[in-house]
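What follows is a single structure, written as structure tokens, with notes after it.
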Amino acid sequence: MSDQPLLHKQLIDALTAGGSLRTESWKRAAEEVPRHAFLHGGFFRRVRGAVPAAWAPVLEDDVGWLEACYADESLVTQIAGTIVPPDIRGQIMRQPTSSSTLPSLVLRMLEDLQVDDGMQVLEIGTGTGYSTGVLCRRLGEENVTSIEYDEDVAARARAALGRLGMYPTLVTGDGLLGHAEGAPYDRVIATCGVRTVPAAWIEQTRPGGMILATVGGWLGASELARLTVHDDGTASGPVLGGQVSFMLARPQLPPPLGLLPDLGTGTEREAIVAADVLDDWTTRFVVQAAVPGAQRLTLEQDGQQQHVLVDVESGSWAALYSENGRWIVRQDGAVALWDAAEEQLGRWHAAGTPEEFTITITPDGQTYHW
Ligand SMILES: C[S@@+](CC[C@H](N)C(=O)[O-])C[C@H]1O[C@@H](n2cnc3c(N)ncnc32)[C@H](O)[C@@H]1O
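For the numbering used here, count along the sequence shown from 1 and bump the result up by 5.
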């Protein structure tokens, strides 16, 4: 453990040099919170080259554990909703469900939150409790409320924070509902992604207060947005950019795909836009806003690659394949998904493919503007 102070200092120096830590007050808070104290249960390291992704446990006594705690890396701490590192020997191939976010993103977000002394902050997604701990050191534990969906994750965070003498209000439950008992908040910060910013967060934020959250969706493109809450109960603000990605809030995870559609049916036409435009993050972000229920998959069928969008709720699908240099789309269901995607991209291209977006939230819903 003797290397720990040096590793911690090197991390803080790197975060400062890289621009994530920009103010003295957050720097002091980060200096006072040792990240390894939130990772005593170990973490999962991604197995290099494994497809699909596989994860191997790294426990506290393993070589490299402490160094990883002070590297600027996200460290997965739970897989498939229940599995923690000591549960596994070898490898596991399931989705991560909790992690300690990479410190540069944690600190960048805390700086972007634009807090002042004495502000009340609501955090959604306690995770390991590391970011909660930094918030406590910056604002005082009496000003920090943090919500974690998963009971076991919440219990481990509570224990880690308690060992460091920090006792913020920790709530176990669905953070999408906020925590009305502690409202109004000056700031809401989410360290899980959302498809739409929940009305409860806006209702529980003081007018003039801010909500910082990663907005994304089931096409897998997300961005950090900072919304200001207005007197009339609406909220708006810029998408800050940087292709920030978080695991989605658990109740907003995509539904199972169910039976795949029969791709031989539907209406066929030549596509105006090729399916591989969705490989680009920002293009995907733009399309996702037009077809928010769509999930994307690629299928190999009869030697041909099919790029498929499926909207489980409306029962709609679109499948695209390339033939002799042309893209063909077949689609069916209540929503013509590729028509909607092409129309959205048409508007975006006509505006010159701007990369700066704003979001407005009113009782009618969430709208993106460029
Ligand atoms: C990336 S981790 C949080 C990282 C954490 N802030 C840290 O510094 O370690 C995201 C967390 O959000 C939690 N989560 C997901 N959906 C949630 C919800 N609806 N309400 C509260 N927490 C949620 C997950 O269980 C997970 O622990």
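Ideal Cβ placement from N, Cα and C applies to all residues, glycine included.
Which same chain residues, not among the five before or five after Thr372, have their C-beta less than 6 angstroms away from its C-beta? The residue given as residue 372 occupies position 367 in the sequence shown. Cβ neighbours of Thr372 beyond the five flanking positions: Thr365.
Kindly examine ligand 1 and report whether one of its heavy atoms sits closer than 7 angstroms to the Cβ of Glu153. Taking the sequence shown and counting its residues from 1, the one referred to as residue 153 is at position 148. Yes, ligand 1 has a heavy atom inside 7 angstroms of this Cβ.
Run the proximity test for Val144: is its beta-carbon closer than 7 angstroms to any non-hydrogen atom belonging to ligand 1? One-based indexing of the sequence shown puts residue 144 at position 139. Rather than Val, the amino acid found at residue 144 in this sequence is Leu. Answer for Leu144: no, Cβ out of range of ligand 1.
Within this structure, are the beta carbons of Trp60 and Ile97 separated by less than 8 angstroms? Here residue 60 corresponds to residue number 55 of the sequence shown, with the count starting at 1. Here residue 97 corresponds to residue number 92 of the sequence shown, with the count starting at 1. Their beta carbons are under 8 angstroms apart, which means Trp60 touches Ile97 by this criterion.
Do three or more CB pairs link the stretch 179 to 199 to the stretch 87 to 102 at distances below 8 angstroms? no
Sorry if obvious, but does the Cβ on Ile207 come closer than 7 angstroms to a heavy atom of ligand 1? Start at 1 with the first residue of the sequence shown, and residue 207 comes out as number 202. Ile207: no, Cβ never under 7 angstroms from ligand 1.
Considering only their Cβ atoms, is the gap separating Thr150 from Gly187 smaller than 8 angstroms? For the purposes of this step, residue 187 is taken as residue 182 along the sequence shown, with counting starting at 1. For the purposes of this step, residue 150 is taken as residue 145 along the sequence shown, with counting starting at 1. Going by C-beta atoms, Gly187 is nearer than 8 angstroms to Thr150.
Find the nearest neighbour of Leu127 within the set Leu64, Glu153, Ala85, Asp316, judged by alpha-carbon distance. Reading the sequence shown from its first residue, position 122 is the one you call residue 127. Leu127 has its Cα closest to that of Glu153, out of Leu64, Glu153, Ala85, Asp316.
According to DSSP, which residues form a beta bridge with His374? For the purposes of this step, residue 374 is identified with residue 369 of the sequence shown, where counting begins at 1. Answer is Thr363.
Counting pairs of Cβ atoms below 8 angstroms between the stretch 177 to 186 and the stretch 267 to 283, do you hit three or more? no
With respect to the alpha helix (DSSP H) encompassing Trp353, which residues constitute its N-terminal and C-terminal limits? Within the sequence shown, residue 353 is the residue found at index 348, counting from 1. Residues 342 to 355.
Kindly indicate the opening and closing residues of the beta strand (DSSP E) around Phe251. By 1-based counting over the sequence shown, the position of residue 251 is 246. That residue, Phe251, is in no beta strand (DSSP E); it is neither H nor E in DSSP.
The stretch 83 to 91 / the stretch 112 to 123 touching (three or more Cβ pairs under 8 angstroms): no
Helix, strand or coil for Gly130, going by three-state DSSP, please let me know. Here the question's residue 130 lines up with position 125 in the sequence shown. Of the three classes helix, strand and coil, the one that applies to Gly130 here is coil, per DSSP.
Three or more beta-carbon pairs under 8 angstroms between the stretch 244 to 253 and the stretch 224 to 233, yes or no? yes
Return the Cβ separation of Leu253 and Gly198 in integer angstroms, given the expectation that the two are a contact with Cβ distance under 8 angstroms. To locate residue 253, count along the sequence shown from 1; it is residue 248. To locate residue 198, count along the sequence shown from 1; it is residue 193. Indeed, because the Cβ distance is near 5 angstroms, the residues count as touching under 8 angstroms.
Please work out which residues of its chain come closer than 6 angstroms, Cβ to Cβ, to Glu36, disregarding the five sequence neighbours upstream and downstream, and give them in chain order. Position 31 of the sequence shown holds residue 36. So the list reads Ile17, once near-sequence residues are dropped.
Out of Thr288, Val296, Glu348, Ala345, point me to the one whose CA is closest to Glu361's CA. Within the sequence shown, residue 361 is the residue found at index 356, counting from 1. It is Thr288.
Cβ pair count under 8 angstroms reaching 3, the stretch 336 to 356 against the stretch 283 to 303: yes
Enumerate in chain order the residues of its own chain whose CB-to-CB distance from Asp77 is below 6 angstroms, with the five nearest sequence positions on each side excluded. What you label residue 77 is simply residue 72 of the sequence shown in a count that begins at 1. These residues qualify, in order along the chain: Leu107, Pro108, Ser109.
Under 6 angstroms Cβ to Cβ from Trp286, same chain only, skipping five residues before and after it: list those, please. As a first step, residue 286 is located in the sequence shown; it is residue number 281 there, counting from the start. Around Trp286: Ala226, Gln248.
Whether or not the stretch 312 to 320 and the stretch 255 to 270 are in contact is what I'm after, with contact meaning three or more pairs of Cβ atoms, one per stretch, closer than 8 angstroms; do they touch? yes
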